[in-house]
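Quick notes on the structure that follows.
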């Protein structure tokens, strides 16, 4: 599963590990993400998302900040649920 925040778009970054002799080996810096169930403040619908801790803190402080992104995610989850119910 991809470690990408669905609200902010934060992705893994690349860089180097540095040993004592300053030898560089490639590595990835992964964002701190977790799965949460969020209630859209406008529609009141629940949606499960993978979001970064920075986005979680922003939502606590300002719940309407990501309303456009949440609306897209709610539509996407409704489509997914409709497809699974048809099959």
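Residue numbers (my numbering): 238 to 324.
Heads up, the beta-carbon is just placed ideally off N, CA and C, and yes, glycines get one too.
Following the DSSP letters along the chain, one finds residue 254 inside the beta strand (DSSP E) bounded by residues 250–255. In the DSSP assignment, residue 289 falls within the beta strand (DSSP E) that extends over 283–289. Secondary structure note for residue 263: its beta strand (DSSP E) is the uninterrupted segment 261–266. Taking the Cβ atoms as the reference, residue 270 lies roughly 5 Å from residue 289, within the contact range of under 8 Å. The continuous beta strand (DSSP E) containing residue 276 extends over residues 270–276.
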